[in-house]
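Residue 60 in the numbering used here sits at position 52 of the sequence shown, with consecutive numbering throughout.
Glycine included, each C-beta is placed from N, C-alpha and C at the ideal position.
Everything numeric in this text was worked out from a predicted model, so none of it was measured.
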Amino acid sequence: MRITGGELRGRRLRTPPSLFVRPTQDMVREAVFSMLAKNVVKSNFLDLFAGTGSVGIEAWSRGAKSVNWVEKDAKTARILKDNIDNLCTANPGRVYV
Numbered sequence: 009m010r011i012t013g014g015e016l017r018g019r020r021l022r023t024p025p026s027l028f029v030r031p032t033q034d035m036v037r038e039a040v041f042s043m044l045a046k047n048v049v050k051s052n053f054l055d056l057f058a059g060t061g062s063v064g065i066e067a068w069s070r071g072a073k074s075v076n077w078v079e080k081d082a083k084t085a086r087i088l089k090d091n092i093d094n095l096c097t098a099n100p101g102r103v104y105v
């Protein structure tokens, strides 16, 4: 799984081996963000049921001012935090578990 646009384009995300997490496919994220393009820039973005954080990281990569991720599973949230730490150069927002 990779980021499809913005400053992190092409960077890969860590994914859990679990079948309980079904990350949003690259093609779907790319289509959604193509439609939302101008609305994402400088926005406050909320990624509910965040999983790996792919949608929120994609939003941050495309210019969102801040992102809040919500994930109920602690193990998945650790992977989410690792993805944020490994990919985001600045602090993009908060993770809620």
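Give me the DSSP bridge partner(s) of residue i.
i, result
"ARG102", "ASN76"
"PHE53", "VAL75"
"ARG20", "ARG10"
Measure the alpha-carbon distance for residue i versus residue j and round it to whole angstroms.
i, j, result
"GLN33", "MET9", "7 Å"
"ASP55", "GLY61", "7 Å"
"TRP68", "LYS83", "23 Å"
Between residue i and the rest of its own chain, which residues show a CB-CB distance below 8 Å, the 5 nearest in sequence each way excluded?
i, result
"TYR104", "ASN76, TRP77, VAL78 and GLU79"
Any Cβ of chain D within less than 8 Å of the Cβ of residue i?
i, result
"LYS89", "No chain D is present in this structure, which holds just one protein chain."
Using the beta-carbon count (16 or more within 10 Å), is residue i buried or exposed?
i, result
"PHE41", "buried"
"THR97", "exposed"
"GLY18", "exposed"
"PRO110", "Since the displayed the chain opens at 9 and closes at 105, residue 110 lies outside it and no answer follows."
Which residues in the same chain as residue i place their Cβ atom closer than 7 Å to its Cβ, once the five residues preceding and following it in sequence are excluded?
i, result
"LYS89", "VAL103"
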